[in-house]
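Peer 1:
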Amino acid sequence: MADLTRRGLLGAGGSLLGLAACNQAPTGDKPAIVTRDDRPAYEGEVSFEHGVASGDPLPSAVIVWTRVTPGPDSPQTDIPVTYRIYAEAGLETLIASGLALAKPGADFTVKIDAKGLSADTEYYFQFVAKTAGGEVASPVGRTKTTAASGDAPVRFAVISCANYPFGQFHVYREISQDRALDAVIHLGDYIYEYGLDGYGGDVGQQIERNHEPPLETVTLDDYRTRHAQYKTDSDLQAAHAAAPWLCTWDDHESTNDSYRNGAENHNPEENEGNWSDRKQAAVQAYLEWMPVRDPVPGMARESIYRRFDFGDVASVMCLESRLTGRSDEISWFKELAGLEPAQVPMAAVSTMTRVNDETRTMLGQVQEDWLAAELADSVTSGKAWQVLANQVIMAKVRAPNFSRTLSQNQIDAQDVGYIQQLIPFSQLGLPWNLDAWDGFPAARDRLYAGAKAASATLVTLTGDTHTAWANQLFDKDGERRGVEFGCTSVTSPGLGTYVRDVDDLGEQFTDANEEVTWFDPNGNGWTLLTLTKDAVSARFNKVSDVTQPSYSTEVAATFVANRVETGLSDLEKQ
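Given below as structure tokens:
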């Protein structure tokens, strides 16, 4: 969702990530165990202030991550680290270990692709830094490899949009307490780029939860500092330590409404430098600080699209829809700004002509071809569900005609400029969010065509909007292609925060859109997704006031779809 405020400063640059690791476990059946470390000890103090994390699980491998923090007067040199993987939480049985270096050039992060593990197995891991003062150990994390086959149910926590100044990470705390998760799926906006005067800054100052650095993130140091700040949060650390994560970014990991060649919130005229430099700085910091595999050699650094299989139940395709292939931004509120009412219809027609251009792409041709091939292979391999870890709403959505659905008193109560503009725009009956797939209809048609050719059963997971959705997806021929579950946010406010005195806003969206079964514009939370060979269930969970330390939880709704002879049933509320 496009943000409502703007800010700016500074210009960017940075070199590519480099990690040194040795004695990693081989790709064979038996992982390696290091029995001695003859490297010189680090001549300084260290700590593990950012916890541990794991991600990108495979049947025989998983990424394990940490960051070693040198003391304030310690040398900026390589820090020798050992990673250790155990069979149980008590760390009695060592399964694998190896040596690595926390290097200044990688911001002292350590990311290991631990291989040779057993499928569908729970492991515990820890890092130990070797210093002249003795060994310093990290917290312990839990991880799990994926099943190579079988039809055991799969459980995911699905999350997005965690703006630090907007509130406490209660959602992460709740996720950390669910010990039955196979993975956490983060759909983007893991960090936000804004400074103290940007989106959420006013709330952050009220609750004393301000962004660091205080200015907008533009340089490599800026992005590293912002990632570091988020990972000092104890609830986020707990969630990372509880289960492996599958992560993809949306726009705020770089900047608002980003696309291949620029972004709404990238302003060279305000000393923010070259877009390519800023993009690469954001990507480098992300790859350093997140438990994700780097793209294979020969691929662009921002090409983080990838696939994970969970037994015979599901394939999860993590998409990249921002930095590799997305066409230039088209925004209604830029296209229609300053026009007289009589000029709006013709401008809208002209805008929709550009929106419908067959050459517009969300993913880029290379990723489109990759996705079509992966969908086909997943089905051929006998996977029941093809799950898209996707950033923005895929369903066709129009705003209700607020000039008819709102009373005059309700219209008069609207005091947010974005909503005041939305009311007259809603009379046009056009897609309202061109930053979503509605702004790329030809690309969506191509995705659906690939899914149809593969006989895929799509479950699309979506973040971005800070609101909860249960949608049914139909192609241009009216054939059902799948279902979509849009998760609400960890902290960022949704549409219901800005629309005043309209209690039935969710019902109005449902009534106005064939593909929208349920829409909840209020609150923060996460989605618990459960897949079996025969059904998919999405339970929408909420936490109460994120601006307060104490909170409660509730289940807002649960929706289920079943695999049937004709493909997929209607979504049903449980």
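Take 4 as the starting number for the sequence shown in my numbering and just add one per residue. Beta carbons are placed, not taken as given, at the ideal position from N, Cα and C, and that holds for glycine.
Would you mind working out which of T465, F169, A186 sits nearest Y233, comparing C-alpha positions?
Peer 2: When each option's Cα is compared against that of Y233, the closest is F169.
Peer 1: Should Y167 and W252 be called a contact, given that it needs their Cβ atoms to be closer than 8 Å?
Peer 2: No.
Peer 1: Given a cut-off of 8 Å, decide if Q208 and V549 are closer than it, judged by their beta-carbon atoms.
Peer 2: The answer is no: Cβ separation not under 8 Å.
Peer 1: DSSP puts N474 in a beta bridge; with which residues?
Peer 2: Note: N474 sits in a beta bridge opposite E487, V519.
Peer 1: Compute the distance between the beta-carbons of F130 and V113, then report whether it is under 8 Å.
Peer 2: Closer than 8 Å, so yes.
Peer 1: To the nearest whole angstrom, what separates the beta carbons of I88 and S100, a pair I think is in contact under 8 Å?
Peer 2: Going by Cβ atoms, the distance from I88 to S100 rounds to 7 Å, so yes, they are a contact pair.
Peer 1: With burial defined as no fewer than 16 other Cβ atoms inside 10 Å of the residue's Cβ, what is the status of M320: buried or exposed?
Peer 2: Burial call: buried.
Peer 1: Taking all protein chains shown into account, do 16 or more other C-beta atoms lie within 10 angstroms of the C-beta of D331, making it buried, or fewer, making it exposed?
Peer 2: Exposed, by the Cβ-count rule.
Peer 1: If we count Cβ pairs, one from each stretch, closer than 8 Å, do we get three or more for the region 42-60 versus the region 287-298?
Peer 2: Judged by Cβ distances under 8 Å, the region 42-60 makes contact with the region 287-298, as three or more pairs qualify.
Peer 1: Any contact of the region 335-354 with the region 400-416, i.e. 3+ C-beta pairs under 8 Å?
Peer 2: Short answer: they don't touch.
Peer 1: Quick one: grab the DSSP three-state call for R229.
Peer 2: Here R229 sits in helix by DSSP.
Peer 1: To the nearest angstrom, report how far apart L374 and R329 are at their CA atoms.
Peer 2: Answer to the nearest angstrom: the Cα atoms are 15 Å apart.
Peer 1: Near A132, which residues of its chain fall below 6 Å by C-beta distance, leaving aside the five closest residues on each side in sequence?
Peer 2: So the list reads V49, V71, I82, V84, V139, once near-sequence residues are dropped.
Peer 1: From the DSSP output, in three-state form, read off D480 for me.
Peer 2: D480: coil per DSSP, three-state reduction.
Peer 1: Taking buried to mean at least 16 other C-beta atoms within 10 Å of its own C-beta, is P434 buried or exposed?
Peer 2: P434 comes out buried.
Peer 1: Does DSSP classify Q417 as helix, strand or coil?
Peer 2: The answer is coil: DSSP assigns Q417 none of H, G, I, E or B.
Peer 1: From S141 to F405, what distance separates their C-alpha atoms?
Peer 2: Whole-angstrom Cα-Cα distance: 54 Å.
Peer 1: Can you round the beta-carbon distance between P34 and G119 to whole angstroms, since I take them to be within the 8 Å contact cut?
Peer 2: Yes, they are in contact, since the Cβ atoms of P34 and G119 sit about 4 Å apart, within 8 Å.
Peer 1: Specify the secondary structure class of G119 as computed by DSSP and reduced to three states.
Peer 2: Looking at G119 - three-state DSSP - the assignment turns out to be coil, as it is neither helix nor strand.
Peer 1: What are the start and end residues of the alpha helix (DSSP H) that includes I88?
Peer 2: That residue, I88, is in no alpha helix (DSSP H); its beta strand (DSSP E) goes 82-89.
Peer 1: Taking the alpha-carbon positions, what's the G442 to N436 distance?
Peer 2: When rounded, the distance between both Cα atoms is 7 Å.
Peer 1: Can you tell which of R449, S121, L184 has its C-alpha closest to the C-alpha of P62?
Peer 2: P62 has its Cα closest to that of S121, out of R449, S121, L184.
Peer 1: Please list the segments of the beta strand (DSSP E) lying wholly inside the region 355-411, counting only runs of 3 or more residues, in order along the chain.
Peer 2: With a minimum length of 3 residues, the continuous beta strand (DSSP E) runs that stay inside the region 355-411 are 388-392.
Peer 1: Using 10 angstroms around the beta-carbon of A456, count the other beta-carbons present and answer buried if the total reaches 16, otherwise exposed.
Peer 2: Exposed.
Peer 1: Go through its chain and collect everything with a Cβ distance to T235's Cβ below 7 Å, but skip five positions before and after it.
Peer 2: The residues are E52, H53.
Peer 1: Along the beta strand (DSSP E) that carries Q129, what are the first and last residues, could you check?
Peer 2: 125-134 is the span of the beta strand (DSSP E), which, as asked, contains Q129.
Peer 1: Tell me which residue opens and which closes the alpha helix (DSSP H) that F336 is part of.
Peer 2: Unbroken alpha helix (DSSP H) run through F336: 335-338.
Peer 1: Return the CA-CA distance between R10 and A560, expressed in angstroms with no decimal places.
Peer 2: Reliability of the predicted coordinates at R10 is poor, the pLDDT of 31 falling under 50, and no value is obtained from them.
Peer 1: Whose CA, out of E177, P216, D185, K536, lies closest to the CA of V382?
Peer 2: Closest by alpha carbon: K536.
Peer 1: Using DSSP bridges, identify the partner residues of W529.
Peer 2: According to DSSP, W529 bridges with N544.
Peer 1: Does the Cβ-Cβ distance between R227 and A285 come in under 8 Å?
Peer 2: Not in contact: R227 and A285 (Cβ atoms no closer than 8 Å).
Peer 1: Between F111 and the rest of its own chain, which residues show a CB-CB distance below 8 Å, the 5 nearest in sequence each way excluded?
Peer 2: Counting only Cβ-Cβ distances below 8 Å, and skipping sequence neighbours, we find R70, V71, T72, P73, I82, A105.
Peer 1: Alpha carbon to alpha carbon, what distance is there between T146 and W68?
Peer 2: Roughly 11 Å separates the two Cα atoms.
Peer 1: Measure from the alpha carbon of D280 to the alpha carbon of each residue in A241, D224, E517, then state which is nearest.
Peer 2: Per the Cα distances, D224.
Peer 1: Per DSSP, what are the beta-bridge partners of P434 in this structure?
Peer 2: DSSP lists R401 as partners of P434.
Peer 1: Does DSSP classify T500 as helix, strand or coil?
Peer 2: DSSP places T500 in helix when its eight states are reduced to three.
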